[in-house]
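Residue numbers (my numbering): 36 to 206.
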């Protein structure tokens, strides 16, 4: 009996770290301060590639799917947190906020300004607060979502659409 427990313990401790599932609200998204102009300064100071906003709705099944299958993966959380500051925006929310230009607005008005028509929308912003890469909907896999992050962080959005980048990466 003791040997069986030893093998079980060894198996559990040798699982890859990427297999860990964690709450996306605690490990993917940063807590919102509501001042995205200020968040840009923090992103610069922390050496980030930019800011990622996920525009979502409470009753959006694709938003829930992303959180339950991809944004909860430790590998995704760790990679994205290393490269971006990440915030969730309620596309119908009345929460007051300051946009990247310093303008006072609400989450709902900001989502309209950003032309969010469906959810989820993953919108990347550079360190000047300019929108860069954008992806609407749920990705097919965590690998595709990680590739999307690299596409934004490396600046590939400047020279090709994401589907071409994906094809070149063999996905």
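In this text, a Cβ means the ideal position worked out from N, Cα and C, and glycines have one as well.
Mind checking who residue 91 pairs with in its DSSP beta bridge? Answer is 125, bridged to residue 91.
Hey, how far is the Cα of residue 186 from the Cα of residue 145? Those two C-alpha atoms are separated by around 24 Å.
Which residues in the same chain as residue 199 place their Cβ atom closer than 7 Å to its Cβ, once the five residues preceding and following it in sequence are excluded? Excluding residues within five positions, none has a Cβ falling inside 7 Å.
Within 10 angstroms of its Cβ, does residue 173 collect 16 or more other Cβ (buried), or is it exposed? buried
Looking at C-alpha atoms only, which residue of 163, 181 and 183 is the closest neighbour of residue 80? 163
Looking only at its chain, what residues have a beta carbon closer than 7 Å to the beta carbon of residue 78, apart from the 5 residues adjacent to it on each side? 85, 86, 120 and 162
When DSSP builds the beta bridges, which residues end up paired with residue 13? A query on residue 13 cannot be resolved here, the shown segment of the chain reaching from 36 to 206 and no further.
Take the Cβ of residue 68 as the centre, count every other Cβ of all protein chains shown within 10 Å, and call the residue buried at 16 or more, exposed below. exposed
Span of the beta strand (DSSP E) around residue 5: Shown here, the chain extends from 36 to 206; a query on residue 5 therefore has no answer.
Determine, using beta carbons only, whether residue 141 and residue 153 come nearer to each other than 8 Å. no
So, helix, strand or coil for residue 166, using DSSP? strand
Assuming residue 143 and residue 127 make a contact with CB atoms under 8 Å, what is their CB distance in whole Å? 5 Å
Taking 7 Å as the cut-off, is the CB of residue 141 close to at least one heavy atom of the ligand FAD? With respect to the ligand FAD, the structure shown offers nothing to examine, as it has no ligands at all.
Given a cut-off of 8 Å, decide if residue 112 and residue 170 are closer than it, judged by their beta-carbon atoms. No; because the gap between Cβ atoms is not below 8 Å, this pair is not in contact.
Quick check: the Cα distance between residue 135 and residue 156, rounded to an integer number of angstroms? Their Cα atoms are separated by approximately 17 Å.
Contact defined as beta carbons within less than 8 Å: I believe residue 66 pairs with residue 107. What is the distance between those atoms, to the nearest angstrom? Residue 107 and residue 66 do not touch by the CB rule: their CB atoms are close to 17 Å apart, not below 8 Å.
State yes or no: is the C-beta of residue 115 within less than 8 Å of the C-beta of residue 184? yes
Taking buried to mean at least 16 other C-beta atoms within 10 Å of its own C-beta, is residue 88 buried or exposed? Under this definition residue 88 is a buried residue.
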